[in-house]
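The block underneath contains the structure these notes are about, expressed in structure tokens.
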Amino acid sequence: MPDLLELRGLDAFYGDFQALFGIAAAVPAGRVAAIIGANGAGKSTLLKTVAGLIQAPRRDAVLFDGEPIGGLPAHELVARGIALVPEGRRLFPSLSVEENLLIGGRVRRPGPWSLEAIYSLFPVLAERRHVPGPALSGGQQQMVAIGRALMSNPRLLLCDEISLGLAPVVVRDIYARLPGLTAQGMALVIVEQDVSQALAAADRVFCLREGRVVLEGPATSVTREAVASAYFGV
Ligand code: ATP
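Structure, rendered in structure tokens:
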């Protein structure tokens, strides 16, 4: 499979503070990459930089389907097929499930995702389509956040801590739907605090520490011991 996303020496900054240092990574179409690492390692910054919410300093530090896209604005990246499920879900609180989903479809590429497709992926959302976001359970809110991102028909879905604050049974339910997305060629990059979940869901794992990739490998061959020492640098 050719790489859909390739990072080549990606740096990121908040003003004078450098949060990412020369990140190199590649994610083929149809595959899942997991980004793991301790709090503050730079995981969210990495996703936000790929999604255009933080500006990459160099155009050729991020390649998408072979095209240099670093530093392009977020709306342009959505139009090219990159969608972000942000940490904390960030639903519009005064809007219903369906209205939140429709907002995700304001910029749409051609593709399989529609309201009906989202409702068949997450049937509980169809039952609750007129309910405002804050009245949903945490898991249902997360499903809306994923559905809202899918509405743009992305080729690359970036998911920031989708399991945060959810019961294990709900996390398993959401993760069980992800292989259906990659089967059609979508690539996923997931940021995940739960290392077991990351290793189970991903094809390839990247562990960040202090803004650098300190461990990388196929999820089947990365051991928990290697992850533990990469996390803390021991
Ligand atoms: P967490 O699991 O806590 O979300 P993370 O691995 O996603 O951690 P980031 O949120 O990417 O880490 O943060 C990486 C570094 O950048 C940290 O040192 C953090 O303090 C810093 N940082 C994050 N957001 C900002 C910001 N808006 N302004 C300045 N520094 C920031």
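Take the sequence shown: its position 221, counted from the start at 1, is 791 in the working numbering, and no numbers get skipped. Heads up, the beta-carbon is just placed ideally off N, CA and C, and yes, glycines get one too.
- Residue environment: Thr619 is assigned as buried (16 or more neighbouring CB atoms within 10 Å of its CB, all protein chains considered).
- In the three-state reduction of the DSSP assignment, Glu657 falls in the coil class.
- Taking a C-beta distance under 8 Å as the contact criterion, Pro724 and Ile652 qualify as a contact pair.
- Judged by beta-carbon spacing, Met721 lies beyond the 8 Å limit of Ile760, meaning their Cβ atoms are not closer than that value.
- Distance check between Ala757 and each of Asp573, Tyr584 and Gly600 places Gly600 closest, using alpha-carbon atoms only.
- Per the Cβ contact rule, the stretch 619-636 is not in contact with the stretch 666-679 (fewer than 3 Cβ pairs under 8 Å).
- When rounded, the separation of the alpha-carbon atoms in Arg794 and Val765 is 8 Å.
- In this chain, the alpha helix (DSSP H) harbouring Pro738 covers Pro738 to Thr752.
- Here Leu617 has Leu654, Leu728, Asp730, Val759 and Val761 as same chain residues with Cβ atoms under 7 Å from its own Cβ, once five neighbours each way along the sequence are excluded.
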